[in-house]
Amino acid sequence: MTTRTGESTEAGQRLGLVGRLKNGNIELWANLIVLALVIGFVFWRGSGFAITIGTVFAIWAILTVSLNLVVGYTGLLSVGHIGFFGIGAYSVAILTSTTDYSLLRTQSIPTHEWPFFAALPVGIVLAGAVALVVGVVFNRFRDDVFVLVSFGFAIISFNLFLNAGAITRGAFGIHEVARPNIVGRTLDGELEYLIMALACLAIVSLVAWAIVTSSFGRVLTAIREDEQAAAVFGYRVTHYKLAIWVISAMMAAMAGGLFSSWTSFIDPNSFILLESILLVSIVILGGLATIWGSLLGAMTFVLLEEGMRFLPFIPDVYVGQARQVALGVLLVVLMLFRPQGLMGRYKL
Amino acid sequence: MRHQEVVGGHYEVQNPVVNIVFGLVVAGVVAWALFEILYPRLRGRFSRRSIQGAVGLAGILAGLYTGLLLVYPDNLHLLFGPVAGLAVGVAVALALREGLVRVTSSEDGPMATLVPAIIGLAVGAGAAAYIADRPESGLYLSWAVSCLLAGCVGLGLYRGLYVTLRNRARSPLIMLVASMGILLAISATITIVFESAPRPLPPAFGSGPIEFGGGNIKGFNFFTVGVSLAGFAGLLWLLQRTSFGRSVRAIGDDEDVSKVVGINTTVVIAIVFFIGAAFAAMAGILSGHDTAIQPRMGLLLLLKGWIASVVGGIGNLYGALLGGFALGMVEQFGIWDLAGEWKDVISFVVLILFLSFWPKGVLPRK
Amino acid sequence: MTQIPARDAERYALGTVGVSKNFGGVQALHRLSISIPRGQITCVIGPNGSGKSTLINILSGMLPLDSGMVIVDGEGLHVVHPYEMPDLGITRTFQDVRVFNQISVWDNIMVVLTRRKLLPALLERGKASQRERAEQALRDVGMWDKRNSLAEDLSYGQRKLLEMARAMALDASIYLFDEPFAGLFPQMLTRVKDIFKQLRARGKSILFITHNMDIVRELSDHLIVMDSGELLVEGDVDEVLARREVIEAYLGD
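Protein sequence lines correspond, in order, to chains U, B and L.
In case it helps, our numbering puts the first sequence at residues 579 to 926.
In case it helps, our numbering puts the second sequence at residues -18 to 347.
In case it helps, our numbering puts the third sequence at residues 146 to 398.
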């Protein structure tokens, strides 16, 4: 991390692990609790559960890491990220779907039957191009106005998915999205898919790590703190903001592609505004301006749903909603007591 | 609990947890508000403890009453009648007394108090009897109950969160993220309690279509327009003509200075929160009667409100009205060429255009 | 264009010709023409609201000019972009101390030392030469011990020093300091004065704003007196301070 403070780590080394825990080191506690929960749940629910939840985690984590680049490192609170996720998901779905829609009585769209690994780059590049255009328009906005227009992007993209029926089949959704195929072997098994998703997550995390530890990442944090001052020291602020915005959008599109081929069916309901707000909440929960925090946040979010099943007064249908309540309350508590999130290095 | 009905005699909520929570919120809010208002005035005459006791008792009673209202929504007209009557009576008495004092141009003791009191009492009792006599008035009373409840929840959030948050917050984004948290929690709670499917509210007056200029319009829509205009006029009067409004504007300009010159900023901001929440509830009810209610209906309405204020000019009441009206028109104009499903897109495109080229809005604040 | 002294790149590092700036009807600068001698310390004085900070903001490209031009090394520029400053050899500090708050002192310095272009910056992770320069800059202002603290945790004086170190880490030839002495303890004051003298000894040109006449007398070589956005007097410090209107306006009795 570029912004680690010396004092806390030095003091920590003097105290040792137990001492730090006793001292109420929230970061350490958060790490331990989440890891213990992961292990506990996997033993309790078995490996099938671990595989499913691992895949869900990998997809969410790619999203949170990518969004943290924008929110945590650049200070732009974007609530529109789900749009790029959707672009990736729809690109892969439309290009790889094997259903012959002309046989269906509902909306018909052409079938392309591309392989997954040909469609994914198309989705990523498309998301990047859209991000470039959107970014040029959004570049002048900051703070709460940026939040408002990013809400706008989320709603506009959702409406496009829903209403551009000739391309997306609207509310009917797209079926039979292809699974990835590596050297003649289709990844039909859940375990194989998990491995691929985790590999993608590793790539995204590595790229993100390389970005934030480079001079480029340092400049981003400077821009976040004071745009004008960063400009006077020779940085073309708009270019930097645009670049990270596009990179982040492309990562989100990658998550989208994985998501649609994993579920094999998508419709606009996966890309509603609320999901986007959830996504921002997870990023803030895990911590701003830290990649590990984003991974932890995604893991917490995935586990929360399972945790809610323990509550006796919540019917199973409403577990997702209960998780949302918990997340909302957590978010408020964090804003009160720890505005940088669990592991964060940047306070809003 | 999922097949029963909501407040208003047509849907019942018999979820004890919800009733208790609402009762507690109301009790807390009433106690706090009374304490905040009464304590500075009665400090000289009574001890802090006895004021707290009295206020606590009033809060508990208010909470119990709220619980009662929620438990027996069918008999809303009976339960709410006396309170409505009391309110009408007090209002009439006050108005009469004002007039009497002005006419006799002196505060000559018992006359100025007694006569209005008796007349007020009579009118209030009449109003109470009228309401209690008509079960169908339950629906309209439920509007009042909903608005008051929403106002209390808004006040509770203000006291419980806003005050603390603002003392700690270093940027407006913290408030924004906290509001997102509240939004997530509340909308999910509503989904858990009331299901996520949209459901219509019972028909109110004027729900049938009226032919107007070659098109069919619900009479209720005229009522909606009327209510929003009346609400706007009321707010305008409140802000421009009353000392409360002057305080609000002073706080808007500079809160610290307002505190120094002796405005009780806590109470004023609390009242603003209450009014805001009550108005939001009214908007929800009206749009619910127009289409249907569902847990997530709030966010988009809220965003549209935000857009309207940006388009009209932030911090300008006329601007907000103009912006809202213009936005509504633009959304509807869009229907000529495009299908209606694009209206959200149109709103946000308008927003982005305005922010890019006309960031101060149509009626900028000075 | 008859006689524009600032055009003389030999003698003057920086200057303006007929620069005007309006803020919504308020004339902050009115046809201001000044020239800042090379290798000297120039001081700008004037009452509050006389346009001193606006001048620095214009010279550093943070505000666009309404009319006139800025002259850098004898070359006239009608449009100045902030991001061109390092290329023009100009660096600055701010009146309201603008360090990068939520990053470490070390990163605050490193930011100005790294590559500006996107791709090289992405591939760069801090070369040894850059680290040496950052260390030097921090040691110069006595902040080396604080290198791992967050900038927001520093005291006001330390933040001021950090800002100065950041400006100096960028190897510029022209330094613009906006009220560098305001709100400093005597000890810090001496430190900043020393920094000024060091810079002059290395042949750098300095423009700074102050309200403290003792510092003006002690440090500056060239003095610019401004009033309501216009130039009142400009010239050698002793000459200017001897003039009647300046004495009346600033030094009183």
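We put the CB at the ideal spot given by N, CA and C, even for glycine.
For clarity, every value in this text was computed on a predicted model and none was experimentally measured.
Run the CB neighbour count on LYS291 (chain L), radius 10 Å, all protein chains shown included, and call it buried at 16 or more, exposed below.
buried
Using a Cβ cut-off of 7 Å (strictly closer), state whether ILE248 (chain L) contacts chain U.
yes
Along chain B, in chain order, which residues have C-beta atoms closer than 7 Å to that of PRO917 (chain U)?
ILE155
Close beta carbons around ALA231 (chain B), own chain, < 7 Å, minus the five adjacent residues each side:
SER239, ILE244
Whole-angstrom distance between ILE789 (chain U) and GLY701 (chain U), CA atom to CA atom
22 Å
Using 7 Å as the limit for Cβ to Cβ distance, is PRO231 (chain L) near chain C?
Looking for chain C here will not work: the only protein chains present are U, B and L.
Which same chain residues, not among the five before or five after ALA151 (chain L), have their C-beta less than 6 Å away from its C-beta?
TYR157, GLY160, SER180, ILE216
If you count every other CB in all the chains shown that lies within 10 Å of the CB of VAL712 (chain U), and 16 or more means buried, which is it?
buried
By the criterion of Cβ-Cβ separation under 8 Å, what are the contact partners of SER792 (chain U) in chain L?
ALA266, LEU267, LEU268, GLU269, ARG270
Please tell me whether GLU805 (chain U) has its Cβ less than 7 Å away from any Cβ of chain L.
no
Option in U:GLY834, U:LEU857, U:MET877 with minimal Cα separation from LEU645 (chain U):
U:LEU857
Mind checking LYS359 (chain L): buried by the 16 CB within 10 Å criterion, or exposed?
Inspection of the sequence shows that residue 359 (chain L) is occupied by Asp rather than by Lys. That one is exposed.
Nearest residue (CA-CA) to CYS778 (chain U), options U:PHE915, U:LEU882, U:PHE695
U:PHE695
Short of 9 Å Cβ to Cβ, which residues in the stretch 843 to 872 of chain U face chain B?
ILE850, LEU851, LEU852, ILE855, LEU856, VAL858, SER859, ILE862
Mapping the DSSP letters down to three states, classify ASN253 (chain L) as helix, strand or coil.
helix
Can you tell me which of the three DSSP states LEU315 (chain L) falls into?
coil
Taking only beta-carbon positions, decide if ARG261 (chain L) is within less than 7 Å of chain U.
yes
Measuring straight from C-alpha to C-alpha, what distance separates ALA927 (chain U) and ILE173 (chain B)?
For residue 927 (chain U) there is no data in the structure shown, the boundaries of chain U being 579 and 926.
Backbone CA spacing between ARG901 (chain U) and GLY257 (chain B) [nearest angstrom]
29 Å
Looking at VAL11 (chain B): is its Cβ nearer than 7 Å to the Cβ of ALA43 (chain B)?
yes
Between the Cα of GLU117 (chain B) and those of B:LEU298, B:PHE61, B:LEU49, B:ILE191, spot the shortest distance and give me the residue it belongs to.
B:PHE61
Quick one, which residues of the stretch 806 to 817 of chain U are near chain L if we go by CB-CB under 8 Å, in chain order?
GLN806, ALA807, ALA808, ALA809, VAL810, PHE811, GLY812, TYR813, ARG814, VAL815, HIS817
With distance defined between alpha-carbon atoms, name the residue in U:ALA756, U:VAL797, U:ARG720 nearest to VAL657 (chain U).
U:ARG720
Where does the unbroken alpha helix (DSSP H) through VAL620 (chain U) begin, and where does it stop?
604 to 623
In this structure, does DSSP put THR764 (chain U) in helix, strand or coil?
strand
Go ahead and label ILE844 (chain U) buried or exposed: buried means 16 or more other beta carbons lie within 10 angstroms of its beta carbon, across all protein chains shown.
buried
Using the three-state DSSP reduction, which class does VAL(-13) (chain B) fall into: helix, strand or coil?
Residue placement at VAL(-13) (chain B) is poorly supported in this model, since its pLDDT is 41, which falls under 50; the coordinates still yield a value, given next. Three-state result, VAL(-13) (chain B): strand.
How about ALA671 (chain U) and SER848 (chain U): are their beta carbons less than 7 Å apart?
no
Just curious, the alpha helix (DSSP H) that ILE173 (chain B) is in, first and last residue?
153 to 175
So the candidates are U:VAL911, U:GLU884, U:GLY795; which of them puts its Cα closest to the Cα of THR259 (chain L)?
U:GLY795
For LEU390 (chain L), count neighbouring Cβ atoms within 10 angstroms of its own Cβ and tell me buried if that reaches 16, exposed if not.
For the sequence presented, residue 390 (chain L) should be read as Glu rather than Leu. That one is exposed.
Checking the sheet assignment: what are the DSSP bridge partners for LYS166 (chain L)?
L:LEU174
Rounded to the nearest angstrom, what separates MET886 (chain U) and TYR896 (chain U) at their Cα positions?
9 Å
Please report the distance separating the alpha-carbon of TYR813 (chain U) from that of PHE627 (chain U).
48 Å
Kindly indicate which three-state DSSP category LYS342 (chain L) falls into: helix, strand or coil?
helix
Nearest neighbour of LEU50 (chain B), chosen from B:ALA74, B:LEU130, B:ALA68 [CA to CA]
B:LEU130
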